[in-house]
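J.: Sharing a structure below in structure tokens format, with a few things to ask.
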Amino acid sequence: LATADSSEAWAAMAKRAVASARARTSLEHIVCVFRGGRDAALARWLEGAGVEVLYHDAPAWAGRVSEALSTKAGRDNVRFSPLYESASALAATFLRVDIPLLLDPRKHGEIVLYADTDVAFLRDVRREDFGAGADPAYFTMGAEFMEPPIYGNAGVMLLNLIGLRRTYAAFADWTFSDANVRRGLHFGKFGPGDQGAYAEFYEGAFAVVRSPSFNWRPYWRARWADPAILHFHGPKPDDYREALGGGAAKPPLAWRAIPK
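The opening position of the sequence shown corresponds to residue 909 in the numbering used here, with each subsequent residue numbered one higher.
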């Protein structure tokens, strides 16, 4: 996912994600769902890099995001995530919801890999990275944290387009229902944003991998010999550069953990 109004730092991360996928994996078909026009600088760069850009400016539920943020609950939800500061930012992350409609299983495959733009590919992602057994009925996530309680992070997922297409209408109707708009599109114990919506609606119907090589974090202390995707969840590359380069007098614990 990317948008025409991405900051310079986010555009740089999107470019690095594509470049690392090209350099370190055998992925041939890279797709980006893009909010904005074809004349946007980032869209032109993506197309020039051979990325299939799917332009998606007007999701049917966009107005419901604005309604949710006009409620007191929606405004208060900023304490859970900065995405609740603006309808544009929150709608951008909900674009994930429409991936099953935008991708064609006959062209892109029934099982596809989804990754946020704040990632770096370190090697090919293998099917076994997502656990043994059959393909997911809907999706597989990696753990948000390594310590309990264990719940999923939507930053990298293995998606079953057929299953998600079959349930799309019910999922979208429920996600943007009056009840969920009134609570500001936060899903209680299941968490904020579309990640919380996925977790609540599909509860019990998806797997969470506890030590996900496909969604590894720079600040995790546990050693992992062979991560496939590094996800800059929380602090971004520029934050690490500043902290590890001496720009921060007392960097947060997650940053200080890196050299250890």
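Yeah, the Cβ is synthetic: ideal placement off N, Cα and C, and Gly gets one too.
Every value quoted in this text rests on a predicted model; they were computed, and no experiment measured them.
So what does residue 1124 bridge to, in DSSP terms?
T.: BP columns for residue 1124 point to 1138.
J.: From residue 925 to residue 1142, what distance separates their C-alpha atoms?
T.: Between residue 925 and residue 1142, the C-alpha separation is close to 16 Å.
J.: Since residue 1088 is in the alpha helix (DSSP H), which residue starts that stretch and which ends it?
T.: Note, residue 1088: alpha helix (DSSP H), 1086 to 1090.
J.: May I ask you to report which of helix, strand or coil DSSP gives residue 1045?
T.: Looking at residue 1045 - three-state DSSP - the assignment turns out to be coil, as it is neither helix nor strand.
J.: Could you check whether residue 1118 and residue 1077 sit closer than 7 Å to each other, using their CB atoms as the reference points?
T.: In this structure, residue 1118 does not lie closer than 7 Å to residue 1077 by Cβ.
J.: Tell me whether residue 1065 sits in a helix, a strand or coil according to DSSP, three-state version.
T.: DSSP places residue 1065 in strand when its eight states are reduced to three.
J.: Starting from residue 963, trace the alpha helix (DSSP H) in both directions and tell me its first and last residue.
T.: Careful: residue 963 lies outside any alpha helix (DSSP H), inside the beta strand (DSSP E) at 960 to 963.
J.: Do you know offhand how far residue 922's Cα is from residue 1048's?
T.: Distance between the alpha carbons of residue 922 and residue 1048 is about 23 Å.
J.: Return the residue from the list 976, 999, 983 that minimises the CA-CA distance to residue 913.
T.: When only C-alpha atoms are compared, the closest one is 999.
J.: So, is residue 1167 buried or exposed, given that buried needs 16 or more other C-beta atoms within 10 angstroms?
T.: Annotation note: pLDDT 38 at residue 1167 (below 50); position unreliable, coordinate value reported separately. So residue 1167 ends up on the exposed side.
J.: Using alpha carbons as the reference points, say which of 1015, 1104, 917 lies closest to residue 1069.
T.: Selected option, being the one with the closest Cα: 1015.
J.: Measuring CA to CA, which of 1122, 1101, 1126, 1139 is closest to residue 972?
T.: With distances taken between Cα atoms, residue 972 lies closest to 1101.
J.: Taking 7 Å as the CB-CB cut-off, is residue 920 touching chain B?
T.: Among the chains in the structure shown there is no chain B, since it carries only a single protein chain.
J.: Is the beta carbon of residue 932 sitting closer than 7 Å to the one on residue 1031?
T.: Contact flag set, yes.
J.: Taking Cβ to Cβ, would you say residue 1001 is nearer than 7 Å to residue 910?
T.: Contact flag unset, no.
J.: Tell me the DSSP secondary structure of residue 1016 in three-state form.
T.: Helix.
J.: Under 7 Å between the Cβ atoms of residue 1137 and residue 1005?
T.: Not closer than 7 Å, so no.
J.: CA-CA distance, residue 1128 and residue 983?
T.: Between residue 1128 and residue 983, the C-alpha separation is close to 31 Å.
J.: Closest by CA to residue 945, which one among 939, 934, 938, 964?
T.: Ranking the options by Cα distance to residue 945, first place goes to 964.
J.: Taking the C-alpha atoms as reference points, what is the distance between residue 1103 and residue 1152?
T.: If you take the alpha carbons of residue 1103 and residue 1152, they lie about 30 Å apart.
J.: By the three-class DSSP mapping on this structure, what secondary structure does residue 1106 have?
T.: Helix at residue 1106.
J.: Indicate the three-state DSSP secondary structure (helix, strand or coil) for residue 1166 in the structure shown.
T.: Since pLDDT at residue 1166 reaches only 41, below the 50 mark, its modelled position is unreliable, and the value read off the structure follows with that caveat. Residue 1166 falls in the coil class under three-state DSSP.
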